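Trainee: Submitted below is the structure of interest, expressed as structure tokens.
There are 2 protein chains.
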Amino acid sequence: MNIKRVTSQDVADAAGVSRTTVSLVLNNTPNAQISEETRQRVITTARSLGYVPDAAARALVSRRAQIIGLVMARSHYHIASDAFLPQTLEGLLDVAHQNGMRLLIDIVEPQHQKEAYLQLVRAKHIDGLILSGPRLDDEALTLLDDENFPIVLIGRLPGDRYYSVDVDNRSAARNAVEHLIKLGHRRIACITNASPEYSAAAERLAGYREALEACGLAYDQNLVRYGDFSSKSGYQQMKQIILSGAEFSAVFAASDEVAYGVNAALVEQDLHSPEKTALIGFDDLPMSAYINPPLTTVRVPATELARRAGNLLVQILEGEQPEQKVQLLETHLILRHSCNLGKSMLS
Amino acid sequence: MNIKRVTSQDVADAAGVSRTTVSLVLNNTPNAQISEETRQRVITTARSLGYVPDAAARALVSRRAQIIGLVMARSHYHIASDAFLPQTLEGLLDVAHQNGMRLLIDIVEPQHQKEAYLQLVRAKHIDGLILSGPRLDDEALTLLDDENFPIVLIGRLPGDRYYSVDVDNRSAARNAVEHLIKLGHRRIACITNASPEYSAAAERLAGYREALEACGLAYDQNLVRYGDFSSKSGYQQMKQIILSGAEFSAVFAASDEVAYGVNAALVEQDLHSPEKTALIGFDDLPMSAYINPPLTTVRVPATELARRAGNLLVQILEGEQPEQKVQLLETHLILRHSCNLGKSMLS
DNA sequence: ACGTGTTAGTAACACGTGTTAGTAATATAG
DNA sequence: CTATATTACTAACACGTGTTACTAACACGT
Numbered sequence: 176m177n178i179k180r181v182t183s184q185d186v187a188d189a190a191g192v193s194r195t196t197v198s199l200v201l202n203n204t205p206n207a208q209i210s211e212e213t214r215q216r217v218i219t220t221a222r223s224l225g226y227v228p229d230a231a232a233r234a235l236v237s238r239r240a241q242i243i244g245l246v247m248a249r250s251h252y253h254i255a256s257d258a259f260l261p262q263t264l265e266g267l268l269d270v271a272h273q274n275g276m277r278l279l280i281d282i283v284e285p286q287h288q289k290e291a292y293l294q295l296v297r298a299k300h301i302d303g304l305i306l307s308g309p310r311l312d313d314e315a316l317t318l319l320d321d322e323n324f325p326i327v328l329i330g331r332l333p334g335d336r337y338y339s340v341d342v343d344n345r346s347a348a349r350n351a352v353e354h355l356i357k358l359g360h361r362r363i364a365c366i367t368n369a370s371p372e373y374s375a376a377a378e379r380l381a382g383y384r385e386a387l388e389a390c391g392l393a394y395d396q397n398l399v400r401y402g403d404f405s406s407k408s409g410y411q412q413m414k415q416i417i418l419s420g421a422e423f424s425a426v427f428a429a430s431d432e433v434a435y436g437v438n439a440a441l442v443e444q445d446l447h448s449p450e451k452t453a454l455i456g457f458d459d460l461p462m463s464a465y466i467n468p469p470l471t472t473v474r475v476p477a478t479e480l481a482r483r484a485g486n487l488l489v490q491i492l493e494g495e496q497p498e499q500k501v502q503l504l505e506t507h508l509i510l511r512h513s514c515n516l517g518k519s520m521l522s
Numbered sequence: 176m177n178i179k180r181v182t183s184q185d186v187a188d189a190a191g192v193s194r195t196t197v198s199l200v201l202n203n204t205p206n207a208q209i210s211e212e213t214r215q216r217v218i219t220t221a222r223s224l225g226y227v228p229d230a231a232a233r234a235l236v237s238r239r240a241q242i243i244g245l246v247m248a249r250s251h252y253h254i255a256s257d258a259f260l261p262q263t264l265e266g267l268l269d270v271a272h273q274n275g276m277r278l279l280i281d282i283v284e285p286q287h288q289k290e291a292y293l294q295l296v297r298a299k300h301i302d303g304l305i306l307s308g309p310r311l312d313d314e315a316l317t318l319l320d321d322e323n324f325p326i327v328l329i330g331r332l333p334g335d336r337y338y339s340v341d342v343d344n345r346s347a348a349r350n351a352v353e354h355l356i357k358l359g360h361r362r363i364a365c366i367t368n369a370s371p372e373y374s375a376a377a378e379r380l381a382g383y384r385e386a387l388e389a390c391g392l393a394y395d396q397n398l399v400r401y402g403d404f405s406s407k408s409g410y411q412q413m414k415q416i417i418l419s420g421a422e423f424s425a426v427f428a429a430s431d432e433v434a435y436g437v438n439a440a441l442v443e444q445d446l447h448s449p450e451k452t453a454l455i456g457f458d459d460l461p462m463s464a465y466i467n468p469p470l471t472t473v474r475v476p477a478t479e480l481a482r483r484a485g486n487l488l489v490q491i492l493e494g495e496q497p498e499q500k501v502q503l504l505e506t507h508l509i510l511r512h513s514c515n516l517g518k519s520m521l522s
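Residue numbers (the working numbering), protein chains in the order written: chain A, 176 to 522; chain B, 176 to 522.
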């Protein structure tokens, strides 16, 4: 049998007060004149009836749904290979819980951008939006900004128009590639983490190029391929370079997920790291310390990025206008076995 | 400047009709008597004003929020290492989109179960709940069922009280371990994917035991350790077995994530697979084909599980009472390099 | 001309909550 | 004793939508 829902009227009836009194008591409304005896009676009654206010009614009257929207700007079939996602969710669920909010997740596929954003936002399903992995070609995002809808990026877009939390992808990538150069590598291949429309992919590739240029090394188009989020794409693209006959002694894979696939191609073609090829990833996913060989990689504090972005959004929702548009968190080069011949280092 | 939200009254004013007419037109209400000319005028006006109905108002009046809740019954810090999660999300986002619904995600930590479920459900934030990774000690779930709240498990609980979509963990694990036995292994270690409160962990361990018993092999407590979702726990527990001096020639790791850590411990202690130790995982995460060595594992169709569960929930929400309480999807043993010495097979 | 049915709308109500202005009773000060 | 302030509540309104019952106008049949 369906149990009838409990409304504030039910609580009022049972406690012998008005609905207004129930509301004033349970919300601890400032300046409400309610006797302590009535207050306790209402609280006890509400608890014993198991009363929980209806989210929709509250959202309607308060103009706030108490829901944070996490939107990923990518295609449907890229979700399954997003190993970054669990950490992002952990950070955002933290923030949501701490602020009595909920977390709604959605994807916006490139071909449906404008429509999807507007529907989500105009329906007032969410109070604010965190966009993970922004794309350079995201025109619909400006529409939302024009409507003053609260947005925070996990990532960054040129011009720094939006509140953003990111790492410095360019200099971190540059740093990683410079490390390979310091190890003596002069022919360094690069498999990107995604196609160039994604701002992080563009930045990491730019960092790779800067490191080469800074050391007077020529950029060789034949040593660069575009990955597509997944290990599989890393494998496929690495294999293409290998089969092309282009020579290299090291690889910068611009995400750990892609690096796993790169590693598989290297092993399969007897170019395994670290003995024959040095390999660096980007992200430091939790499992990267445990693959074989343990992956040298750039640590991106994914959970903290999400936590910061979440807190920033909450600030904006509370009417604050934080001065700092962009927060850059630090990355660290994590040295493991995949690009040195020393003893395995698990950390 | 904040753009004023567009309400159905705005559309009505601009089209010269009543709000009721706007509603009847835009919802294609059966039996509504509206002339085609008026109908078109309303549709055109609504579109040009960018009208999107307010989700809260609709939820309040219709008793439906159009939101699916995905709840994970685990601790906070287990989220980041849930490599299964992206595939689950892909499947559920599919279903949500196809049904004009949204997906809200939350965790219910073991120590806050009752409170957290009731708040989420009674606030009517979500229309129905998909619980991923059910625990045997989840008492609060029965409260929801008693209130007839729509629930579907990705996984299963004893007694089959709830609608569930799962794989047969027990026989799949048994099958995997039997495979190791067929390869000649007689000392087989087992690292579970999680603690025994999780029903899948209990089932996979039971399958391991059944395989041993069926072949007249003794169960050896010293060869069994409990993992805790992460690669790290797999590494730590495998290492403990190794350091204990217990002999084994094969390992059944009851999830791929845990298997990655097991593999790291094997490599570090010079017991690497496949040459010295055979290793089988469970899940066939996308990256398992690309680690070194490529992992023999049980393929669990994670995205399809989620899709099925989502569709089942939608059926229930639409008033149907599907006859079949439990849907079991097939698993397959995927043979790769980690437990045979043949040529690497990427698939 | 009158009665009935059909068409094309609309007024009113409901959903459950939070807020504001109003009111009755009591206490206090002059 | 009267006027004012304080206390402790409540009625009414608002939020934006969907549904139901109602109504005016027109058409048709007798």
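In this text, a Cβ means the ideal position worked out from N, Cα and C, and glycines have one as well. Predicted, not measured: the structure shown is a model, and the values here were computed from it.
1) Rank B:Ala-348, B:Ile-356, B:Ile-243 by C-alpha distance to the C-alpha of Ile-305 (chain B) and give the top, closest one.
2) By the three-class DSSP mapping on this structure, what secondary structure does Asp-459 (chain A) have?
3) Output, in chain order, the set of chain A residues within a Cβ distance shorter than 7 Å of Tyr-435 (chain B).
4) State the Cα-Cα distance for the pair Val-426 (chain A) and Met-413 (chain A), rounded to the nearest angstrom.
5) So, for Val-501 (chain A): in the same chain, excluding its five sequence neighbours on each side, which residues have a beta-carbon less than 8 Å away from its beta-carbon?
6) When you compare the CB of Glu-265 (chain B) with every CB in chain A, is at least one pair closer than 9 Å?
7) What are the boundary residues of the alpha helix (DSSP H) that Gly-266 (chain A) is part of?
8) Could you tell me which uninterrupted alpha helix (DSSP H) segments, each at least 4 residues in length, are contained entirely in the stretch 326 to 411 of chain A, listed from first to last along the chain?
9) According to DSSP, is Ala-240 (chain A) part of a helix, a strand, or is it coil?
10) Are Leu-418 (chain A) and Thr-472 (chain A) close, meaning C-beta to C-beta below 9 Å?
11) Can you tell me whether DSSP reads Ser-448 (chain B) as helix, strand or coil?
12) Using alpha carbons as the reference points, say which of B:Ser-406, B:Ser-405, B:Arg-400, B:Ala-428 lies closest to Gln-415 (chain B).
13) Please classify Pro-230 (chain B) as buried or exposed, where buried requires at least 16 neighbouring CB atoms within 10 angstroms.
14) Can you list, in chain order, the residues of its chain whose CB lies under 6 Å from that of Ser-183 (chain A), leaving out five sequence neighbours each side?
15) Report the CB separation of Arg-310 (chain A) from Ala-351 (chain A) in whole angstroms; it is logged as a contact under 8 Å.
16) Can you tell me whether Leu-311 (chain A) is helix, strand or coil according to DSSP?
17) Could you confirm whether any beta carbon from chain B is found closer than 9 Å to the beta carbon of Ser-430 (chain A)?
18) Looking at the unbroken beta strand (DSSP E) that takes in Gln-288 (chain A), where does it start and where does it end?
19) Could you tell me which of B:Pro-461, B:Leu-441, B:Leu-460 sits nearest to Thr-452 (chain B), measuring between CA atoms?
20) From the beta carbon of Thr-478 (chain B), is the nearest beta carbon of chain A less than 9 Å away?
21) With distances taken between CB atoms, is the gap from Ala-421 (chain B) to Asp-395 (chain B) smaller than 9 Å?
22) Name, going along the chain, the residues of the stretch 435 to 449 of chain B whose beta-carbon falls closer than 7 Å to a beta-carbon of chain A.
23) Taking Ala-189 (chain B) as the reference, which of B:Arg-216, B:Thr-204, B:Val-283, B:Pro-205 has the closest Cα?
24) Does the beta carbon of Gln-262 (chain B) sit closer than 9 Å to a beta carbon anywhere in chain A?
25) Have a look at the DSSP bridge pairing and note the partners of Thr-219 (chain B).
26) What are the residues of the stretch 243 to 255 of chain A that lie near chain B, defined by any Cβ-Cβ distance shorter than 8 Å?
27) Could you check what DSSP says for Val-197 (chain A) in three-state terms: helix, strand or coil?
28) Among all the DSSP beta bridges, which residues are the ones paired with Gly-494 (chain B)?
29) Among B:Glu-385, B:Arg-474, B:Leu-488, B:Ala-464, which has the Cα closest to the Cα of Arg-511 (chain B)?
30) Got a sec? Which residues, its chain only, sit under 6 Å from Phe-259 (chain B) by beta carbon, not counting five neighbours each side?
31) Taking the DSSP output, what are the residues bridged to Gly-303 (chain A)?
32) Between Ser-448 (chain A) and Pro-468 (chain A), how many whole angstroms is the CB-CB distance? I'm expecting something under 8 Å.
33) Is it the case that the Cβ atoms of Glu-432 (chain B) and Phe-404 (chain B) are separated by a distance below 9 Å?
34) Between Gly-225 (chain A) and chain B, is the shortest Cβ-Cβ distance under 9 Å, so that the two count as touching?
35) What does Asp-403 (chain A) touch in chain B if you count any residue whose Cβ is under 9 Å from its own?
Mentor: By the coordinates alone:
1) Closest by alpha carbon: B:Ile-243.
2) Correct three-state label for Asp-459 (chain A): coil.
3) Near Tyr-435 (chain B) (Cβ distances below 7 Å), the residues of chain A are Met-462, Tyr-465, Ile-466.
4) About 9 Å.
5) So the list reads Arg-331, Asp-335, Tyr-338, Ser-339, Val-340, Asp-341, once near-sequence residues are dropped.
6) So, interface residue.
7) Segment 260 to 273, the alpha helix (DSSP H) holding Gly-266 (chain A).
8) Qualifying alpha helix (DSSP H) stretches, in chain order: 344 to 357, 374 to 389.
9) Reduced to three states, the DSSP call for Ala-240 (chain A) is coil.
10) The answer is no: Cβ separation not under 9 Å.
11) Reduced to three states, the DSSP call for Ser-448 (chain B) is coil.
12) Looking from the CA of Gln-415 (chain B), the closest CA among B:Ser-406, B:Ser-405, B:Arg-400, B:Ala-428 belongs to B:Arg-400.
13) Note that residue 230 (chain B) is Ala in the sequence shown here, rather than Pro. The Cβ neighbour count for Ala-230 (chain B), taken over all protein chains shown within 10 Å, is at least 16; the residue is labelled buried.
14) The answer, listed in chain order, is Arg-194, Val-197.
15) Arg-310 (chain A) to Ala-351 (chain A), Cβ: 23 Å. No contact.
16) DSSP places Leu-311 (chain A) in the coil class of the three-state scheme, outside both helix and strand.
17) Answer no: the Cβ-Cβ gap between Ser-430 (chain A) and chain B never drops below 9 Å.
18) Segment 288 to 297 is the alpha helix (DSSP H) holding Gln-288 (chain A); no beta strand (DSSP E) there.
19) Comparing Cα positions, the closest option is B:Leu-441.
20) Contacts with chain A at 9 Å (Cβ-Cβ) include Thr-478 (chain B).
21) Cβ distance < 9 Å, so Ala-421 (chain B) and Asp-395 (chain B) count as in contact.
22) Residues are counted here when their Cβ sits less than 7 Å from a Cβ of chain A; for the stretch 435 to 449 of chain B these are Tyr-435, Gly-436, Asn-438, Ala-439, Val-442, Glu-443, given in chain order.
23) Looking at the Cα atoms, B:Arg-216 is the closest of the given residues.
24) Interface residue, yes.
25) DSSP, once it has assigned bridges, lists no residue as partnering Thr-219 (chain B).
26) So the list reads His-251, Tyr-252, Ile-254, Ala-255, given in the order they occur along the chain.
27) Annotated three-state conformation of Val-197 (chain A) is helix, per DSSP.
28) Looking at the DSSP output, Gly-494 (chain B) sits in no beta bridge, so it has no partner there.
29) The candidate whose alpha carbon is nearest that of Arg-511 (chain B) is B:Ala-464.
30) Excluding its 5 nearest sequence neighbours in each direction, Phe-259 (chain B) has C-beta neighbours in its own chain below 6 Å: Ala-477, listed in chain order.
31) According to DSSP, which records beta bridges pairwise, Gly-303 (chain A) is partnered with A:Ile-243.
32) Confirmed, about 6 Å.
33) Yes.
34) Yes - at least one Cβ of chain B is within 9 Å of the one on Gly-225 (chain A).
35) Counting only Cβ-Cβ distances below 9 Å, Asp-403 (chain A) has no contacts in chain B at all, with the closest Cβ about 12 Å away.
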